[in-house]
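Working notes for the structure below.
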Amino acid sequence: MSHEPLPALRPLDIIPFADEHGDTHFLLRDPAQLATRGVTVSLAGYVALAHLDGEHSCADICRIYREQFQVAMPAEQIEQLVAALDEALLLQTPRYAAARAAAHAAYRAAPVRDNRDRYPPADALRAELGAIVRSALPPPADGEIFGLVAPHLDYARGAPCYAAAYGALAAAPRAERYIILGTNHAGESTAAVATGKDFLTPLGTAPVDHAFLEALEQRLGASLREHEFDHANEHSVELQVHVLQYLHEGQPFSIVPILCPSPCGPTGTRPIDGKGPDLGAVADAIAAVVNETPGRSILIAAADLSHVGQRFGDPEPTSDEFLARVARSDRALLHLLETRAEEEFLEHLRRTDNQTRVCSAGCLYALLRALPGRACRVLHYHQAVDRRAEMHVTCAACIIS
Numbered sequence: 001m002s003h004e005p006l007p008a009l010r011p012l013d014i015i016p017f018a019d020e021h022g023d024t025h026f027l028l029r030d031p032a033q034l035a036t037r038g039v040t041v042s043l044a045g046y047v048a049l050a051h052l053d054g055e056h057s058c059a060d061i062c063r064i065y066r067e068q069f070q071v072a073m074p075a076e077q078i079e080q081l082v083a084a085l086d087e088a089l090l091l092q093t094p095r096y097a098a099a100r101a102a103a104h105a106a107y108r109a110a111p112v113r114d115n116r117d118r119y120p121p122a123d124a125l126r127a128e129l130g131a132i133v134r135s136a137l138p139p140p141a142d143g144e145i146f147g148l149v150a151p152h153l154d155y156a157r158g159a160p161c162y163a164a165a166y167g168a169l170a171a172a173p174r175a176e177r178y179i180i181l182g183t184n185h186a187g188e189s190t191a192a193v194a195t196g197k198d199f200l201t202p203l204g205t206a207p208v209d210h211a212f213l214e215a216l217e218q219r220l221g222a223s224l225r226e227h228e229f230d231h232a233n234e235h236s237v238e239l240q241v242h243v244l245q246y247l248h249e250g251q252p253f254s255i256v257p258i259l260c261p262s263p264c265g266p267t268g269t270r271p272i273d274g275k276g277p278d279l280g281a282v283a284d285a286i287a288a289v290v291n292e293t294p295g296r297s298i299l300i301a302a303a304d305l306s307h308v309g310q311r312f313g314d315p316e317p318t319s320d321e322f323l324a325r326v327a328r329s330d331r332a333l334l335h336l337l338e339t340r341a342e343e344e345f346l347e348h349l350r351r352t353d354n355q356t357r358v359c360s361a362g363c364l365y366a367l368l369r370a371l372p373g374r375a376c377r378v379l380h381y382h383q384a385v386d387r388r389a390e391m392h393v394t395c396a397a398c399i400i401s
């Protein structure tokens, strides 16, 4: 039995489920989607997973398991689990490092960012988006739109807020460029990340405004593209691109795709690892370059709010009162945005340890900071509730005018 430390588990989505006999198992999936298949482990295997931290050996895990459960876990079982995880690219090993390097190189070499294999064909996608936009209520007469908040939920669950946000945008003049601030769900960077790849989707190609992006990097004195592979499988920006392509079909526009980190940790808007510019500085630079660049720009925050339910770690089954409490919490946060208290918005999330798991604080903060003095109005609030899966996500539609 080896006393050498076993490799560490990568950050994963871990989804519990019961088999046909009622026994608990866990599905392990790679949120960064570099690993193309998941691995299922038993309850005993899950206990072993908890100690795959790069410090414990096979002998350590056998000892811990025996002390905790008074039964032995065979070393061969742990070794088989580690081999399966390594093959599936779920461990921090040379196999994973090589696959990661190859994926990064392929993204850099590709002429475009192509997401067509993840969505329906053009006609079906166009029909889905058309139904959402046509369901929108008449937009408010708030004058020129400078910014927008829309969900990054899938279209089915986020439809009411997509309709409200893009119904308002559909009534506004087309912009020359859309600066889309997404959420970096599973990327490597802890700073803002841009990509220079044009977005090829089922509805065509949305070109990146390279002159704007280069001016932004020049003002910051730093590249925003060192970790641009973070965009490869991130969905938050592309969901907005599809709707823009539907609204402006046959008309030219460009995009500036930027993923924002979470500013709710101990370093706030500064990168956790100290590599890259402060998120506030990025927002200020966006504001400056927008003012210096000819043509109309609109900023879009691709933002969801709370992630609650047992699937996200809440201990009790969902009740109506629980969802009402979440709604009150969300609306209090939205009030801070409407009153342009974005610094207090971040401070509240930090002080409460972001208890409802708001995932898009970074892009919401950057949107408002990049549009100082503009009025923010909430158009709609929505809870996408799935009681069977115990998985609920909330979102809002807002305009900045």
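For the sequence shown, the positions run 1 to 401 when the numbering used here is used. Beta carbons are placed, not taken as given, at the ideal position from N, Cα and C, and that holds for glycine.
{"Asked": "Range covered by the beta strand (DSSP E) that runs through P263", "Found": "Element bounds for P263: n/a, residue is neither H nor E."}
{"Asked": "Residue from H307, L9, G274 whose Cα sits closest to the Cα of A83", "Found": "L9"}
{"Asked": "In chain order, each alpha helix (DSSP H) run of at least 4 residues that lies wholly inside the stretch 282-365", "Found": "320-338, 342-351"}
{"Asked": "For C161, the nearest candidate out of G196, A232, G38, A384 (CA to CA)", "Found": "A384"}
{"Asked": "Own chain residues within Cβ distance below 8 Å of L129, not counting five before or after", "Found": "Y155, H242, V243, Y246"}
{"Asked": "Three or more C-beta pairs below 8 Å linking the stretch 87-99 and the stretch 9-20", "Found": "yes"}
{"Asked": "Secondary structure of R270, DSSP reduced to three states", "Found": "coil"}
{"Asked": "4-residue-minimum alpha helix (DSSP H) runs that sit fully inside the stretch 122-185, ordered along the chain", "Found": "122-134, 155-170"}
{"Asked": "CB-CB length for A287 against A191, believed under 8 Å", "Found": "Rounded, the Cβ-Cβ distance is 18 Å, inconsistent with contact."}
{"Asked": "Span separating the alpha-carbon of R63 from that of E390", "Found": "35 Å"}
{"Asked": "For I78 and A48, believed in contact at Cβ under 8 Å, the rounded distance", "Found": "6 Å"}
{"Asked": "For E234 and L153, the rounded distance between their alpha carbons", "Found": "12 Å"}
{"Asked": "Under the three-state DSSP convention, the category D23 falls into", "Found": "coil"}
{"Asked": "Closest residue to P315 among T356, E343, H25 (Cα-Cα distance)", "Found": "T356"}
{"Asked": "Residues sharing a beta bridge with V256, DSSP", "Found": "I179"}
{"Asked": "Cβ-Cβ distance between L213 and A194 below 7 Å", "Found": "yes"}
{"Asked": "Exposure label - F69; buried when at least 16 CB within 10 Å", "Found": "exposed"}
{"Asked": "Contact set for V41: own chain, Cβ-Cβ below 6 Å, skip 5 residues either direction", "Found": "F26"}
{"Asked": "Three-state class that DSSP yields for V385 in the structure shown", "Found": "coil"}
{"Asked": "Own chain, CB closer than 8 Å to A175, minus 5 neighbours either side, in chain order", "Found": "F253, G295, R296, S297, I298"}
{"Asked": "Neighbour flag for A232 against chain B, beta carbons, 7 Å", "Found": "Structure shown: chain B not included; a single protein chain is present."}
{"Asked": "Where S236 falls: helix, strand or coil (DSSP)", "Found": "helix"}
{"Asked": "Contact belief for A361 with L349 at Cβ below 8 Å, rounded distance in angstroms", "Found": "6 Å"}
{"Asked": "Beta-carbon separation (whole angstroms), A206 vs I255, contact threshold 8 Å", "Found": "5 Å"}
{"Asked": "Residues bridged to A397 (per DSSP)", "Found": "H380"}
{"Asked": "Sub-7 Å separation of D114 and L239 beta-carbons", "Found": "no"}
{"Asked": "Other residues of its chain near N184: CB distance less than 7 Å, five sequence neighbours each side excluded", "Found": "V193, D230, E234, L259, C260, P261"}
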